[in-house]
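Notes for the one structure printed next.
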Amino acid sequence: MKSDATVSNGDSAESRWPLSARSVGLARAELSDLLIKWDLSTVVDEALLVLSELVTNAVRHGRATAEREIETRYLRVPDGVRIEVCDWADERPVIRVPSDTGGWGLCLVGELSARWGVDERAGAGKSVWAVVTAPEES
């Protein structure tokens, strides 16, 4: 399903995914494996939820095509992981008021991450990113 093999550089990895709901689960499996490899098991649950929301938004709104796929990038940072999901839509994501029918995605991203944001990409599109860190020990 993934179009390119994961490019991994020790503390980072990136992949390309087709515009498909199946990409969400496959990207989750990939990130889960990386987090275990990076000894970041304490952030797996939160990171996978954040990734799910970002990839789902990219699938729904990202204007991916066969030539322009969704990209995921993961970077190991102190005590956690930076997750980036890149798509081809120029419009920035909108935080909606959550309701029974939706609008929870970016609210969850905000709650589960230490910080998040949106960067423009050169040419077209955007990168939505979030940093998920290990919980502080008491």
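Numbered according to the working numbering, the sequence shown spans residues -12 to 125.
Each residue gets a CB set at the ideal place from its N, CA and C atoms; glycine is no exception.
9 Å or more divides the Cβ of Ala16 from the Cβ of Arg69. Leu62 sits close to Ser(-1), with the two beta carbons spaced by under 9 Å. The three-state secondary structure of Thr43, taken from DSSP, is helix. When Arg102, Leu22, Arg3 are compared, the shortest CA-CA separation from Thr52 is found for Arg3. Under the three-state reduction of DSSP, Gly49 is assigned to coil, being neither helix nor strand.
DSSP places Val31 in the helix class (H, G or I) of the three-state scheme.
In this structure, Leu18 sits away from Ala8, with a CB-CB distance that is not shorter than 9 Å.
In this model, Val11 and Arg47 are separated by some 11 Å (Cα to Cα). Ranking Ala45, Ala14, Leu36 by CA distance to the CA of Val119 puts Leu36 first. Taking 9 Å as the cut-off, the beta carbon of Cys73 is found no closer than this to the beta carbon of Gly110. About 6 Å separates the beta carbons of Gly49 and Trp75, which is inside the 8 Å limit, making them a contact pair.
If you compare the alpha carbons of Asp66, Gly67, Asn44 with that of Val115, the shortest gap goes to Asn44.
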